[in-house]
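Protein chains in written order, with my numbering: chain L, 1141 to 1364; chain X, 1141 to 1364; chain G, 1141 to 1364; chain P, 1141 to 1364.
Where is the CB? At the ideal position from N, CA and C, for every residue including glycine.
Everything below concerns the one structure shown next.
There are 4 protein chains.
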Amino acid sequence: MSVADPHTEPRPLSAAGKPLTSRGEATRGRILEAAEHVFADLGYHEASIVKITEHAGIGLGTFYLYFDGKQQVFEELVIDLNRRVRRSMAEAMAGATDRISAERAGFEGFFRFTAAHPALYRVVREAEFVSPETLRLHYMRIVEGYESGLRAAQADGDVDEALDPEVTAWALMGAGELIGMRYLLWERDAGGAPPAEMPASVVDDMARFIRNALSPRARTEGPA
Amino acid sequence: MSVADPHTEPRPLSAAGKPLTSRGEATRGRILEAAEHVFADLGYHEASIVKITEHAGIGLGTFYLYFDGKQQVFEELVIDLNRRVRRSMAEAMAGATDRISAERAGFEGFFRFTAAHPALYRVVREAEFVSPETLRLHYMRIVEGYESGLRAAQADGDVDEALDPEVTAWALMGAGELIGMRYLLWERDAGGAPPAEMPASVVDDMARFIRNALSPRARTEGPA
Amino acid sequence: MSVADPHTEPRPLSAAGKPLTSRGEATRGRILEAAEHVFADLGYHEASIVKITEHAGIGLGTFYLYFDGKQQVFEELVIDLNRRVRRSMAEAMAGATDRISAERAGFEGFFRFTAAHPALYRVVREAEFVSPETLRLHYMRIVEGYESGLRAAQADGDVDEALDPEVTAWALMGAGELIGMRYLLWERDAGGAPPAEMPASVVDDMARFIRNALSPRARTEGPA
Amino acid sequence: MSVADPHTEPRPLSAAGKPLTSRGEATRGRILEAAEHVFADLGYHEASIVKITEHAGIGLGTFYLYFDGKQQVFEELVIDLNRRVRRSMAEAMAGATDRISAERAGFEGFFRFTAAHPALYRVVREAEFVSPETLRLHYMRIVEGYESGLRAAQADGDVDEALDPEVTAWALMGAGELIGMRYLLWERDAGGAPPAEMPASVVDDMARFIRNALSPRARTEGPA
DNA sequence: AATGAATGAGAGTTCATTCAT
DNA sequence: TATGAATGAACTCTCATTCAT
C-alpha cells in the first residue's frame, strides 16, 4: 500500500480571497482547530458557528472573515484530515521492504489514525453534507497511490497479475475502512468507550486476508 | 455469501401503538413511500416532514398519527432497506452450486440493488442520524449470514482455513460496499447520471479478488 | 356564613340542544367525571380532549355530541364545583346556633372541600380561561348568601352594625380563600403532598380573627 | 401593614448569561414592556412570542437573545410586578403615624396599583403557568413584612395579642386581594371599563373591617 | 349514538448569516 | 481586524375540531 505525497502545502486566504497577515493566519488556525474539535464532538449538524467561535475564543463575526460558511470550513477540515491519514499511512509503510509487509503496515497506519481520531473520522464517513466531489476526492487520493503501488508490484511479480489494480485498490480500501468502523467505532469496551487501538489479532487476520488476495498463485484451473 | 432470512414480516402500528384499520394502513404506506422518495432526493437533513406529507398528498398532522417523528420514519426505512438488500442478495445466490460462484452472485445481487436505489443507499451509508445501534445492526444482519457461510465452507475445505471468518466477512462487506459507492454512486456517465448497473468487468475483477482471498492454498511458508 | 341554596338541578342537553336519552345521559356523565379528573390532574391547558375521552373510555368524536368544546365542558365543571362548595358549606353551618360559630363552621366546610379537591380548586382559581363572567358568578354565588346572612345578624345585634355587609362578605371570602391556598395547596408536608385537612390551629386562629372583625364592640372612640 | 424592602436592583443579563451593552439593555427593556402589554391584553396562553416581538418592533429571533422563552419573561414580569406592588404599598404607608392608619394606607397603595394595572394583576393571580414556587414567593414577600409589622404592633399593644400574626397576615392579604378583584376588575362602570380607582367608600369599609379585626379588645369571655 | 382518521393553523424555537460599529 | 446585536426563514410538533362511515 502506498499513497500519494500528502505534504502539499495549503494556501491560506481570507474569505474574500485576500492573502493573510500573520495575525490573521493565527486567527484562521484557531478557528480550524476549534472547528475540528466541535465537529468531532457534535457531528456536522449539531455543530454551530457560535460554538466554534466560542471555542476559538473569538467573536462570531470574525468567523466570516476567514470562511464562507459552515460547509466550507468543514470541507477544508476533510481535506486536512485526508492529508493526515495519508501521512500516517506513508510513515507506517516507510520501513517496509516487501510488498506484503508494506500492505500490512499501511493498514496499521490507517487504523492508528482512526483510533486516534475516531469521532472525526466517523463524521467524515457519515458526510452527506460534504459535497460528493470532496468525498470522492477523499477516497480517490488515498486509493490512487495504492493503485500505482499495486501496478508496480505486479510488474515485479509480487502481486497476482490477474488482478485489476483499480478494483483491487478500492476493494482493499473498503475492506480496511469497514474493519475500522466495526472494531474501532462500533465496538465498545467495558467502559463504553471505543478501544484505543485495533486489536493485534484483527490486524493479523486482515493481513492474512490481504496476502491471500494479492500474492501470485500457481494457476492450474481455467479462468474465472 | 449467504444472508439471514430477510422475510420476517413487519407489524404496522400507529404512533400511539394501536393496530391500524386498512385505511390507516394504506395511509401509512403512502407516507413511507413518500419518505423514501424525499430522503433519497434530498438526504436526511434537507428532507422535512412538510415535504414528505406534501409528496404523500396528505395533511401535515396526519404524519404524526403514524410516526413519532422524522428519525423514526427514517429508521423504519433503513430497516426496510436492509430487508430488501438481503432479499436481493439471497435471490441472486439461490441458484449457485459452489461457494465461489455463490460469492460472486451475492455481490451481483448487492450491486443490483444499489444500482436500483443509489440515492437511498447513499443516504443510509451517510447516516450520522441513524442511531449507531441501527447502523451497526444494518451491517451485522448482512455480515452474520456471510460469516456462518464462510465457516461452513471452511469445514468443507472450500475456503482457506487460516482465515478468520468474522474479520473476513467484514472485510468483504466493506470491499463490496466501497466498490458500490465508487462505480455506482460516484461515477457519472456522459449524461451526468450514475450508471444503471455495475459494469460486468468490475464484477469479474471483484470475483477474482474474492476467489484469491478465499480459496485454500498450498502453504509452504511459515505463518504471516 | 350562609350560602344561597345550592340544590338547583342541572338540565342535561346534547351539544345540539336536544334532550338526552338515558343512555346518552350516562355517556355525558362519564365525560364530566373524566374531565374533572383530567383537568384536576393536568390543569386546563395540559388537558386535552383526547385524554378526557380516553379516560372516559369513549371515542373522540363522541365528546362533541355532548359538549361544544373544551371551554364549555370546563365552565360546566366550574358551575358544578361551585354547587358542591356551597353545599359543603351549607351542611357545615346547618347545626350552628349562633352567628359566630356559624361563621367558623362555614369556613370549616369550605376548607374541607378544598382539602378534598385541592387540584380542582386550584385549577378554578387559576382560571384565565373561565370566562370572567363565570368566575365572577362563582364568587358572587358564594358571597351573596353570606352577605344576607350578615345583614340578618346585624339586625339581631350579633354583628357590628358599622360594617358594610357587602364589603365585609367579600373580605372574609378572600381571607378564607387565600388561607386555603396557603395552608392547603402551597404547603407541602414531609412527603411532598399537601396536607389532607386544614390544621385545627389555623381554623382557630381564623375563627378568632373573624370574631374580632364581626362582633359588636363598645365604641368609645370617634369614627374611623 | 408593612412590606419588605422592594428596592433591590435587578441585574440585566442576556439569555446566555452575559452582561449587556447599553444597546442590548434597551432592547431587553422594549421586550419587557411589550411583553407586559401583550400578557395583560391577552393573558398568558393567548400571548405569543411573535405578538410580543411585533409589538416591540423587533425580529422574532431577537427575543431569544434576551430570554429563554415565554415562561421566563413571564416570571420576570411577575417578579417585577411584585416589586412594584410592594413599592406602591410602602410609599403609601410612609407617612402613617399609628398602626391602624398605616394598615389603611397600605391597602390604599395596593388598590391604587391594582387599579393602574388591572389586567396585569389579573394575569398574575390567574397564573397556572407561573411556577407554584414563584406564585408562593409573590405572596410570601408581601405577607412577611406584614406579619412582622403585626408582631411589633402586638408588642406595643396596638394589635390584639390573641391573634396569630401569620394567619392574620394571610387573611388580610386575601381579603384585600379579593376586594381588589371584585371592585376593580369585575366591576364595570357605565362605559364597560373597570373603574380607575377604588371607591372611597369601599376603602372606608375595608378600613373599618380591619380596625375591628385587629384592635385589642377587653376580653370578658373565655377562649374561642 | 358512536367513531377515529384526517386536518392545518399556529405554537415555540434554532441558527447561519449580515452589517453597522 | 474584530465584533455581536439583529434577523427571519424554516423547522418539528400539538391538538381542537370536522365529517364520512
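For chain G, find out if any of its Cβ atoms is closer than 8 angstroms to the Cβ of Met1229 of chain P; answer yes or no.
-> no
List the DSSP bridge partners of Leu1153 of chain X.
-> X:Pro1159
Could you tell me which uninterrupted alpha helix (DSSP H) segments, each at least 4 residues in length, are contained entirely in the region 1292–1316 of chain X, listed from first to last along the chain?
-> none
Measure the alpha-carbon distance for Asp1304 of chain X versus Glu1327 of chain L and round it to whole angstroms.
-> Rounded to the nearest angstrom, the two C-alpha atoms are 18 angstroms apart.
Please indicate yes or no: does the CB of Tyr1204 of chain P lie closer than 7 angstroms to some heavy atom of the ligand ATP?
-> Ligands displayed in this structure: none; no statement on the ligand ATP is therefore possible.
Note down, in chain order, each residue of its chain lying with its Cβ closer than 8 angstroms to the Cβ of Val1343 of chain G, except the 5 sequence neighbours on either side.
-> Arg1244, Phe1247, Glu1248 and Phe1251
Enclosing alpha helix (DSSP H) for Leu1200 of chain X [first to last residue] | Its alpha helix (DSSP H) spans residues Leu1200 to Tyr1206.
With a cut-off of 8 angstroms on the beta carbons, I'd call Gly1164 of chain L and Ser1154 of chain L a contact; round off their distance for me.
-> The Cβ separation is near 7 angstroms, so the contact holds.
May I ask you to list, following chain order, the residues of the region 1186–1216 of chain P that have a beta carbon less than 7 angstroms from some beta carbon of chain G?
-> Taking a C-beta cut-off of 7 angstroms against chain G, none of the residues of the region 1186–1216 of chain P qualify.
Cβ shell of Leu1260 of chain X (< 6 angstroms), same chain only, five flanking positions each side left out | Ala1180
Give the single residue among L:Gly1285, L:Val1299 and L:Phe1207 whose Cα lies nearest to the Cα of Thr1167 of chain L.
-> Closest option to Thr1167 of chain L, Cα to Cα, is L:Phe1207.
How long is the line joining the alpha carbons of Glu1301 of chain L and Arg1348 of chain L, rounded to whole angstroms?
-> The alpha-carbon atoms of Glu1301 of chain L and Arg1348 of chain L are separated by roughly 19 angstroms.
Considering Asp1220 of chain G, what are the terminal residues of the alpha helix (DSSP H) in which it resides?
-> Lys1210 to Met1233
In chain order, what residues of the same chain have a beta carbon less than 8 angstroms from the beta carbon of Gln1294 of chain L, not counting five sequence neighbours either side?
-> For Gln1294 of chain L, where only same-chain residues beyond five positions count, the Cβ hits under 8 angstroms are Asp1300, Glu1301, Leu1303 and Pro1305.
Kindly indicate if chain G contains any beta-carbon less than 8 angstroms away from that of Ile1319 of chain P.
-> yes
Three-state class that DSSP yields for Arg1262 of chain X in the structure shown = helix
Are the beta-carbon atoms belonging to Tyr1279 of chain G and Met1233 of chain G less than 8 angstroms from one another?
-> no
Which bits of chain G does Met1346 of chain P rub up against, with CB to CB less than 8 angstroms?
-> Val1307 and Ala1311
Amino acids of chain X, ordered along the chain, whose beta-carbon sits closer than 7 angstroms to that of Val1342 of chain L | Val1307
Establish whether the CB of Asp1220 of chain P and some CB of chain G are separated by less than 8 angstroms.
-> no
Bounding residues of the alpha helix (DSSP H) (the contiguous stretch that carries Thr1193 of chain L) | First-last of the alpha helix (DSSP H) with Thr1193 of chain L: Ile1189 to Ala1196.
Classification of Leu1354 of chain X by the beta-carbon crowding that lies within 10 angstroms, buried from 16 upward = buried
Please state if the CB of Ile1171 of chain X and the CB of Ile1192 of chain X are separated by a distance shorter than 8 angstroms.
-> yes
Please name the residue, chosen from P:Gly1201, P:Arg1226, P:Thr1202 and P:Val1213, that lies closest to Glu1173 of chain P on a Cα-to-Cα basis.
-> P:Val1213
Among L:Ser1188, L:Gly1201, L:Leu1200 and L:Arg1226, nearest to Gln1211 of chain L - alpha-carbon criterion | L:Ser1188
Go to Met1346 of chain P, then tell me how far its alpha helix (DSSP H) extends in each direction, as first and last residue.
-> Ala1340 to Leu1354
When you compare only the Cα positions, how much space is there between Tyr1286 of chain X and Ile1350 of chain X?
-> 13 angstroms
Please name the residues in the region 1234–1251 of chain L whose beta-carbon is closer than 7 angstroms to at least one beta-carbon of chain X, in chain order.
-> Among the residues of the region 1234–1251 of chain L, none has a Cβ less than 7 angstroms away from any Cβ of chain X.
Comparing the C-beta of Ala1155 of chain L with each C-beta of chain X, is any distance below 8 angstroms?
-> no
Examine chain P for any beta-carbon lying closer than 8 angstroms to the beta-carbon of Phe1253 of chain G, and answer yes or no.
-> Taking 8 angstroms as the threshold, the shortest C-beta distance from Phe1253 of chain G to chain P does not fall below it.
Report the three-state DSSP secondary structure of Ala1336 of chain X (helix, strand or coil).
-> Ala1336 of chain X falls in the coil class under three-state DSSP.
Which of helix, strand or coil does DSSP assign to Glu1176 of chain P?
-> helix
Counting only beta-carbon atoms, is Leu1260 of chain L nearer than 8 angstroms to chain X?
-> no
Taking DSSP as the reference, what is the three-state secondary structure of His1257 of chain G?
-> coil
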